[in-house]
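Taking it in order: structure first as structure tokens, then the write-up.
Residue numbers (our numbering): 153 to 956.
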């Protein structure tokens, strides 16, 4: 019986040989809900509907955009229980979203993203936007999707229109606009296992023919999917729990038919025990049970304010996009991810007869304040030439305060110290590492891109962007419990050397429209990600400023550049009932930024791997098999390796060499040079290593069946997601860096009684309760332990919704 049910579920999900990505989004308009209904109706009658995206800083049909892009609708997000960006894992070709320490999300597309975990001063490799506004801090990417119309994922470097931080691609979350057309709204609530509770609602209120307001809220709460067993006073300390609330208020004023002003604010607040990060040495075999003794926590608060002015003139559409954002994050976690006995056994040195019983990050606080301004102009006339041009200014200040304790005493639950703690306070001596730093970035760019129709079928596109980046900062740190201050606070940041750089990027492309249903394109694009300041080395701490060792961490690190060559085709067949898009690409990558150890203890920073090459192919499709059955699928094959010699220093290898030389951490400072030289000797050449975050195979298939059952409509959906294994770091250290692949099955049943405006939905994610590995993380800041983070277990959610 069970086998039959198991097989039936797999077949239901597997029927979907062509699913999910390109056809799942509905066209965007001022009223996305109405648009979705209209599109669904049109599909039933005439074939696949058109999808409108903002891929090129203006609205364009997805099938006419000469680049690789996927769009995921709000309905698809809900069906798969995707409540934040991590849920997109595996659903878009080449996209990998890995959890890192604390609240970070490491986004990569086609292996290009960020290899600098827990360093919030670096820029991402995949830029993240909400309604076109650039989001500066990767921790903010964990915020929930609130009142979303669709999510657009642009794959490949976006060298002209999006610029910095887009070497891998761009993700843009598109919110539903207020509409003066009608009074409408929705409300919903749901419950599930793990004490799951959710609530959401939206209200659209026309104030007049020209002014409308829209408000939305949502909350999600559930118990932990995992728990720690050794936290004092707590039998089971929940991890991977959730308690988040978000809301949005927007206003749109359209005084004339060609002018609109849209204002929005999105607020998000999350307070949890943080992610479950299981040490691979944990003797407990259950991946949801962790032998840890420190009570982690994660607090994330984000504020986003946006303003968009759109003015349509006879010759061009002029748009102004203004954004202001704030982030406050407090993260604390068990950096050794074991209890005291287990960690002591791992760190015990027979040379000194000593070891450590704990390594805990009591506080990793990040505060970001930033604002941005963009103005762009897009042509609005018929003819062979279309164009877009613009200018962008970005300013951000990112501050960090860190407290870490590592020792062998009994008091392993020490709280973090206040920033103004005196230099001679006895509590300072227990700190292993502390940091108080701030980086201010100022960036501006100018860009232009034009497309010219050489014939009625052949178009040529060219674009260029000038990027200018400037960074300055302040920094002070403490290592080994000894403050360098002689009065006042124990940390007193001073200015580091500033850095500035400029770069040209751009794009050239040819596209050929064989007929209205078939097109092909070829493109060359150069992408750019700014360099930055290594605060420790810039302030004189590390092997480079102390010893002059040129392989050590430099005061600054270089910008990344990638040259991308891509070919692709987009097609509709069988009377617009079958859509098939495919692409292939080759990247030549220079100066990939990654987190590296320094020969001097605690002086790690960002380095550049000189060269890498990445190549692969992707396919997406949708098929309306019948008026009731829709099948969607996507998949990718990716390869990549480093192609130049570089001796990289792995923190685990450096620590092992240091201990073997007879200098465990507490003895490091007794023979500073010899201990540093031992660590330096552990470098390994990464030439030929596989590029991280690059699953060889990845894909998803889904089937959606809709039918009239009784007095209402039933929608059934099954989905299979597969994400292959990948290397988690540039070092490719055996099984330590090998993140295994996994398969996940999701299902949904939704029933909508006729003429009631209600729906009853049952969602099941991870149907077969697989312990899929989301990411494998090597702690880069002290313990050198390796953690696994898992996808959520089976989640059953029953919800009811009402629209009016």
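Glycine residues also receive a C-beta, built at the ideal position from the N, C-alpha and C atoms. None of these values were measured; they are calculated from a predicted model.
In the DSSP assignment, find the unbroken alpha helix (DSSP H) run with residue i in it and report its ends.
i: residue 810; result: 803 to 812
i: residue 229; result: 226 to 231
i: residue 688; result: 687 to 690
i: residue 824; result: 824 to 832
Please check the pair residue i and residue j, which I expect to be a contact at CB under 8 Å, by giving their CB distance rounded to whole angstroms.
i: residue 510; j: residue 564; result: 4 Å
i: residue 763; j: residue 741; result: 7 Å
i: residue 806; j: residue 834; result: 5 Å
i: residue 943; j: residue 903; result: Residue 943 to residue 903, Cβ: 28 Å. No contact.
i: residue 859; j: residue 866; result: 6 Å
i: residue 947; j: residue 918; result: 7 Å
i: residue 494; j: residue 443; result: 6 Å
i: residue 743; j: residue 710; result: 5 Å
i: residue 560; j: residue 506; result: 7 Å
i: residue 880; j: residue 847; result: At roughly 11 Å, the Cβ-Cβ gap does not stay under 8 Å, so residue 880 and residue 847 are not in contact.
i: residue 553; j: residue 515; result: 7 Å
i: residue 524; j: residue 286; result: 6 Å
i: residue 103; j: residue 653; result: No answer is possible for residue 103: the residues shown for the chain start at 153 and end at 956.
According to DSSP, residue i sits in a beta bridge with which residue or residues?
i: residue 602; result: 539, 614
i: residue 904; result: 865
i: residue 496; result: Beta-bridge pairing links residue 496 to no other residue.
i: residue 281; result: 286, 324
i: residue 368; result: 354, 400
i: residue 515; result: 555
i: residue 510; result: 559
i: residue 744; result: 761
i: residue 523; result: 476, 547
i: residue 585; result: 556, 631
i: residue 217; result: Partner(s): none; residue 217 has no beta bridge.
i: residue 679; result: 714
i: residue 374; result: 394
i: residue 776; result: 782
i: residue 839; result: Answer by DSSP bridge pairing: none, since residue 839 is not bridged.
Hey, quick one: how far does the beta strand (DSSP E) through residue i stretch, first residue to last?
i: residue 720; result: 712 to 725
i: residue 698; result: Element bounds for residue 698: not the beta strand (DSSP E) but the alpha helix (DSSP H), 695 to 699.
i: residue 114; result: Because the chain here runs from 153 to 956, residue 114 falls outside it and cannot be looked at.
i: residue 955; result: 947 to 955
i: residue 421; result: 411 to 424
i: residue 785; result: 781 to 794
i: residue 754; result: Unbroken run through residue 754: none, as it is neither H nor E.
i: residue 656; result: 651 to 667
i: residue 260; result: 257 to 261
i: residue 928; result: 925 to 930
i: residue 247; result: 247 to 251
So, residue i versus residue j, is the Cβ gap smaller than 9 Å?
i: residue 309; j: residue 635; result: no
i: residue 325; j: residue 282; result: yes
i: residue 311; j: residue 677; result: yes
i: residue 618; j: residue 611; result: no
i: residue 477; j: residue 522; result: yes
i: residue 434; j: residue 490; result: yes
i: residue 864; j: residue 340; result: no
i: residue 257; j: residue 232; result: no
i: residue 701; j: residue 736; result: no
i: residue 226; j: residue 956; result: no
i: residue 332; j: residue 404; result: yes
i: residue 773; j: residue 759; result: no
i: residue 359; j: residue 302; result: no
i: residue 402; j: residue 329; result: yes
i: residue 708; j: residue 680; result: no
i: residue 397; j: residue 388; result: no
i: residue 945; j: residue 923; result: yes
i: residue 591; j: residue 623; result: yes
i: residue 597; j: residue 543; result: yes
i: residue 386; j: residue 446; result: no
i: residue 776; j: residue 239; result: no
i: residue 756; j: residue 692; result: no
### Query
Which runs of the beta strand (DSSP E) spanning at least 3 residues fall entirely within the segment 293 to 343, listed in chain order?
300 to 307, 321 to 327
Next item on the list: Output the residue ranges of the beta strand (DSSP E) runs that lie fully inside the segment 847 to 891 and measure 3 residues or longer, sorted by chain position.
Entry: 849 to 860, 864 to 875
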